[in-house]
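Chains as they are written, first to last, in numbering that gives the first Met the number 0: chain H, 0 to 226; chain W, 0 to 226.
Virtual Cβ for every residue (Gly too), placed ideally from N, Cα, C.
Here the structure is a predicted model, which is why all the values come from computation and not from measurement.
There are 2 protein chains.
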Amino acid sequence: MLRSCATHLRTLRSGSVEVWRSFSSEKVTHKDHAVPNPSWSKDLRILFDQFMKKCEDGSWKRLSSYRIIPPEHLKDFQTQFIDPSYSKEEYILKGQLFTRSFEDGMGFEYVVFCNDVEKKVVCLFQGGPFLQGVPGFLHGGATASIIDVALGKCAARAGGIVMTANLNINYKRPIPLCSVSVINSQIDKIEGRKLFLSCNFQSSDEKILYADATGLFIKLDPKKRLT
Amino acid sequence: MLRSCATHLRTLRSGSVEVWRSFSSEKVTHKDHAVPNPSWSKDLRILFDQFMKKCEDGSWKRLSSYRIIPPEHLKDFQTQFIDPSYSKEEYILKGQLFTRSFEDGMGFEYVVFCNDVEKKVVCLFQGGPFLQGVPGFLHGGATASIIDVALGKCAARAGGIVMTANLNINYKRPIPLCSVSVINSQIDKIEGRKLFLSCNFQSSDEKILYADATGLFIKLDPKKRLT
Chain H
0 MLRSCATHLR TLRSGSVEVW RSFSSEKVTH KDHAVPNPSW SKDLRILFDQ FMKKCEDGSW
60 KRLSSYRIIP PEHLKDFQTQ FIDPSYSKEE YILKGQLFTR SFEDGMGFEY VVFCNDVEKK
120 VVCLFQGGPF LQGVPGFLHG GATASIIDVA LGKCAARAGG IVMTANLNIN YKRPIPLCSV
180 SVINSQIDKI EGRKLFLSCN FQSSDEKILY ADATGLFIKL DPKKRLT
Chain W
0 MLRSCATHLR TLRSGSVEVW RSFSSEKVTH KDHAVPNPSW SKDLRILFDQ FMKKCEDGSW
60 KRLSSYRIIP PEHLKDFQTQ FIDPSYSKEE YILKGQLFTR SFEDGMGFEY VVFCNDVEKK
120 VVCLFQGGPF LQGVPGFLHG GATASIIDVA LGKCAARAGG IVMTANLNIN YKRPIPLCSV
180 SVINSQIDKI EGRKLFLSCN FQSSDEKILY ADATGLFIKL DPKKRLT
């Protein structure tokens, strides 16, 4: 299964040169995407500036976010969790982080801030026009995706490399495309390698609760290979 | 909130001409994406051919799938669910269906088949390299997204235009990037406008259960506006 993926990626390279080129050039830059770009609305910029101010005394931190995994992170992951026979496979090197794989402004625009003492994580989010479900509103899968990111980042602060084991999402109100929202996440309980979390997903003025969710994340066991 | 979205889209158009061009040309074609393309692996093609054979006696149907909402569907939706004062806003016309908004092979490749008598829906899926989470594996949000599609298509067969109200997903095993999997969905119960569904998410050889999920979908009420 995994070997056929490398073959598939080679096919993509020869069949879709333009896509592949942007893909390769991006690999080199390792640009941090969790900063404002021209697609960010005024609402998102205001919220970003507010949280950057909270970072000044060190209580909050902005988390960097990359489209391509930086080589040092990848190496650690490969050493611990991937069978060495797969370590040179293209499928790992050519993948892009799902929620960062869109052109600026078209998909998931977001930045995550964390407060490790309070065990809280805040995700500021603007969902672009390529995330549409019912016309004019965010797709349920896009909502689930950014919730997975918000909860996952929160779990990772306590657990290192984690994987989602359960997501339970209640969709309360449709989320307008391109609007700005805030996801507040927290760790409710830790039992061994299991981290139990919850979040709420609100409009930027906190007047509309779009969704709430719980998540169970598992800290990966360095003694067990994923492949 | 909704009006600022149209402004945002105009900004994108002037600031990101290339993206906008491909965006606009796609709008005109209304191509059905639920058919094989060069990125499809052999495994996905074999499964597709098997289901196309099942369609020959009319018991199963392949469902078309568009990146841009065809105008006739959009008109019906606008008439029923969107406040007329918003009906000409760009945000609806320029949006793309989230799970179809990637280049061929890079994101969600899938086709959905349904059997209306048995109330079953099968989604054949291949997740491309832009859907990566933990290196080499599908992002939890991408898994949730294709589950939302599979369950949503199943709900829509019985309920028309539906929205997700709850998704509860158990992630059992990591899903290798670019592998082929099958999601079997069914309606378990209907109570008024509520549709209760469940699904399992398996490898193409049915040997690995990657995930299972339940979903609650609500049939939209034509008497109520979303905006």
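Neighbour flag for residue i against chain H, beta carbons, 8 Å
i                      : result
residue 65 of chain W  : no
residue 173 of chain W : yes
residue 129 of chain W : yes
residue 134 of chain W : yes
residue 143 of chain W : yes
residue 100 of chain W : yes
residue 148 of chain W : yes
residue 157 of chain W : no
residue 199 of chain W : no
residue 225 of chain W : yes
residue 151 of chain W : yes
residue 93 of chain W  : yes
Cβ pair residue i, residue j closer than 8 Å
i                      : j                      : result
residue 130 of chain W : residue 214 of chain W : no
residue 210 of chain W : residue 171 of chain W : yes
residue 104 of chain W : residue 58 of chain W  : no
residue 218 of chain W : residue 161 of chain W : yes
residue 252 of chain W : residue 166 of chain H : A query on residue 252 of chain W cannot be resolved here, the shown segment of chain W reaching from 0 to 226 and no further.
residue 173 of chain H : residue 136 of chain H : yes
residue 164 of chain H : residue 216 of chain H : yes
residue 94 of chain H  : residue 108 of chain H : no
residue 110 of chain H : residue 61 of chain H  : yes
residue 42 of chain H  : residue 179 of chain H : yes
residue 182 of chain H : residue 196 of chain H : no
residue 32 of chain W  : residue 99 of chain W  : yes
residue 153 of chain H : residue 203 of chain H : no
residue 194 of chain H : residue 159 of chain H : no
residue 125 of chain H : residue 40 of chain H  : yes
residue 97 of chain H  : residue 50 of chain H  : no
Below-8 Å beta-carbon distance, residue i vs any chain W residue
i                      : result
residue 209 of chain H : no
residue 138 of chain H : yes
residue 184 of chain H : no
residue 30 of chain H  : no
residue 114 of chain H : no
residue 122 of chain H : no
residue 164 of chain H : yes
residue 96 of chain H  : yes
residue 170 of chain H : yes
residue 218 of chain H : no
residue 222 of chain H : no
residue 45 of chain H  : no
residue 195 of chain H : no
Neighbour-count burial assignment, residue i, 16 or more Cβ in a 10 Å radius
i                      : result
residue 123 of chain W : buried
residue 70 of chain W  : exposed
residue 208 of chain H : exposed
residue 75 of chain W  : exposed
residue 116 of chain H : exposed
residue 228 of chain H : Because chain H here runs from 0 to 226, residue 228 of chain H falls outside it and cannot be looked at.
residue 139 of chain H : buried
residue 224 of chain H : exposed
residue 45 of chain H  : exposed
residue 192 of chain W : exposed
residue 206 of chain W : exposed
residue 35 of chain W  : exposed
residue 221 of chain H : exposed
residue 198 of chain W : buried
residue 177 of chain H : buried
residue 22 of chain W  : Residue confidence is low: residue 22 of chain W scores 44 on pLDDT, short of 50, so the model does not pin down where it sits. No coordinate-derived value is stated.
Beta-ladder partner(s) of residue i, from DSSP
i                      : result
residue 170 of chain W : W:210
residue 220 of chain H : The partner list for residue 220 of chain H (beta bridge, DSSP) is empty, contrary to what the question assumes.
residue 182 of chain W : W:122 and W:200
residue 110 of chain W : W:123
residue 62 of chain W  : W:111
residue 95 of chain W  : Per DSSP, none; premise fails for residue 95 of chain W.
residue 162 of chain H : H:217
residue 190 of chain H : H:193
residue 175 of chain W : W:136
Residue range of the alpha helix (DSSP H) that includes residue i
i                      : result
residue 145 of chain H : 139-158
residue 30 of chain H  : Run containing residue 30 of chain H: none; DSSP gives neither H nor E here.
residue 43 of chain W  : 41-53
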